[in-house]
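Notes for the one structure printed next.
Now the structure itself:
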C-alpha cells in the first residue's frame, strides 16, 4: 500500500490569481490618492507659504539695498577719507619720531 502524493495546494492558477489581485490592489492606491479632493485648508496653506516667501524676498531686497548704500560712497568721499587717514598717519609718525628723539 503505497500512499498517493498529496496535490500541491499552490498550483499555478492560484498563484497567478493572487499576483494579479495584488497588482490590481497596488494600482488602486495611487488612483485613490489622486482622486481625493483637495481640502480648502491646503489651498490657504499654499497661499500663506507663497506670501511668506514673497515677504522674505522683499525683506532681503531691502537689506541688500541698505547694505549697498552703506558700501557705496562717492569718489569725493573716498578721497576725503583717504586724505584724512593719510594725515592722521603722518601726524602719528611725526609724533612717534619726535618722542623717540626726546628719549
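In the numbering used here, the protein residues as written are 305 to 407.
Built from N, CA and C at the ideal position, the CB exists for glycine as well.
Taking only three categories from DSSP, how would you classify residue i?
| i | result |
| --- | --- |
| residue 378 | coil |
| residue 362 | helix |
| residue 388 | helix |
| residue 307 | coil |
Suppose the cutoff is 7 Å on Cβ atoms and the five residues either side in sequence are ignored; what does the same chain contact list for residue i look like?
| i | result |
| --- | --- |
| residue 308 | none |
Leaving aside the five residues before and after residue i along the sequence, list all residues of the same chain whose C-beta is less than 8 Å from its C-beta, in chain order.
| i | result |
| --- | --- |
| residue 399 | none |
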